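Presented below is the structure to which this report refers.
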Amino acid sequence: MARFAARPFDAARLGLAALLLVLFAQGPGLSGLVEQWWLVLVGLGGALVANSTGIGGGVVFVPAFDVLALPEDRIVGTSLLIQCFGMSMGALTYLSRGSIPALPRLEDGGTARLSSAGIVLTVLPAALVGYWLATLGGFRPDWPLALIFKVLSLGLLAALLATQFARVLTHRPLAMGTDGAMLCLVGLIGGAFVGWISIGVGELLAIYLMLRGLRAVEAVGLAVIVTALCVVLARIGLPGSQGVEVDVALLVAPGALLGGFLAPFLLDYVGETRVKWFCAFWIVVSPMFM
1119 MARFAARPFD AARLGLAALL LVLFAQGPGL SGLVEQWWLV LVGLGGALVA NSTGIGGGVV
1179 FVPAFDVLAL PEDRIVGTSL LIQCFGMSMG ALTYLSRGSI PALPRLEDGG TARLSSAGIV
1239 LTVLPAALVG YWLATLGGFR PDWPLALIFK VLSLGLLAAL LATQFARVLT HRPLAMGTDG
1299 AMLCLVGLIG GAFVGWISIG VGELLAIYLM LRGLRAVEAV GLAVIVTALC VVLARIGLPG
1359 SQGVEVDVAL LVAPGALLGG FLAPFLLDYV GETRVKWFCA FWIVVSPMFM
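Position 150 of the sequence shown, counted from 1, bears residue number 1268 in my numbering, the numbering being contiguous throughout.
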């Protein structure tokens, strides 16, 4: 107990796993797992992609659930519920490993600078507003889900590749002025994307931070934290905004927990370039299944 008290992120990860175990026992149970064991692999794949790149697990879950013929109005909500477990585990793992940088708050001249916490607290409220507008606010393209997913995912692909080839905008610390405004815009647009297809805010944040000179592991770690907080608060604060297939979500979630735990280590082992190219390949291929 003393060890967990000294390492709160480890305790939180254990608590998250215990919560899922309780919900799983009350839901599909062992018999459901035996019958649909392959759903765990879907969760593992989605969480590995999400937590090693900042790209939301919906890039795997949405096409998979479309193939499974889940009702369209429940696909996004089910994906978000799974991400509450997978992205939260990933965020706690990044925090536990000390991967999140303590960005400088002040420049020598006294200009206010954004810390890591400041980045999160700037993006998150805007993301929740964007999510509300996209769901209960009714701000949504009049397109089928498959078309929205294809258009937005290919747009995210272009932005992801930009981080591989584009010149870093600047290595200077992030300022509260221009960067603060850009982060609010990233949050607002990304939150709307989350409401539409369950991915978006983490991808856009990671891309912006990498273009501003942060190392990939730092940018992805912050993106995972923002995504985790966004999906959890969206599900808790706006529970009726998306329909959910609870049993499917609970069968996928164990794999998502494992993937969230392993992804930061995968990023270290494989390297950011290989991970980016794999995700680019998946984003091109996955819309073909819808």
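We put the beta carbon where it would ideally sit given N, CA and C, even for glycine. Fair warning: this is a prediction, and the values are worked out from it, not measured in the lab.
Start-end ranges of the alpha helix (DSSP H) lying completely within the region 1176 to 1254, minimum 4 residues: 1176 to 1185, 1190 to 1214 and 1234 to 1252
Chain-order list of residues whose beta-carbon lies under 8 Å from that of residue 1359 (same chain, five-residue window excluded): 1195, 1249, 1250, 1253, 1254, 1313 and 1352
To test your reading of the DSSP string, which unbroken alpha helix (DSSP H) runs of 4 or more residues are found completely within the region 1256 to 1333? 1263 to 1283, 1296 to 1315 and 1319 to 1329
How many Å lie between residue 1138 and residue 1321 at the Cα? 26 Å
What span of residues does the alpha helix (DSSP H) with residue 1146 cover, start to end? Unbroken run through residue 1146: none, as it is neither H nor E.
In chain order, what residues of the same chain lie with their CB nearer than 6 Å to the CB of residue 1208, ignoring the 5 residues before and after it? 1169, 1342, 1378 and 1381
Along the chain, where does the alpha helix (DSSP H) that runs through residue 1364 open and close? 1364 to 1388
Could you tell me the distance, in whole angstroms, from the CA atom of residue 1411 to the CA atom of residue 1236? This structure cannot speak to residue 1411, because the chain is shown only from 1119 to 1408.
Please classify residue 1190 as buried or exposed, where buried requires at least 16 other C-beta atoms within 10 Å of its C-beta. exposed
Which of the three DSSP states is assigned to residue 1126 in this structure? helix
Through-space distance from residue 1149 to residue 1323, alpha-carbon basis: 40 Å
Would you tell me roughly how many angstroms separate the C-alpha atoms of residue 1226 and residue 1164, rounded to the nearest one? Because the pLDDT of residue 1226 is 43, which lies under 50, any placement of that residue in the model is unreliable, and the number read from its coordinates should be weighed accordingly. Residue 1226 and residue 1164: Cα-Cα distance of roughly 43 Å.
Taking the C-alpha atoms as reference points, what is the distance between residue 1370 and residue 1175? 11 Å
Reference residue 1386; option with closest CA among 1336, 1132, 1272 and 1234: 1336
Determine the extent of the alpha helix (DSSP H) in which residue 1159 is found, giving its start and end residues. 1156 to 1171
Quick check on the burial criterion: 16 or more other C-beta atoms within 10 angstroms. Buried or exposed for residue 1389? exposed
Should residue 1309 go down as buried or exposed, given a rule of 16 or more other Cβ atoms within 10 Å for buried? buried
Helix, strand or coil at residue 1361 [DSSP, three-state]: coil
Taking C-beta to C-beta, are residue 1368 and residue 1141 nearer than 9 Å? yes
For residue 1137, three-class secondary structure by DSSP: helix
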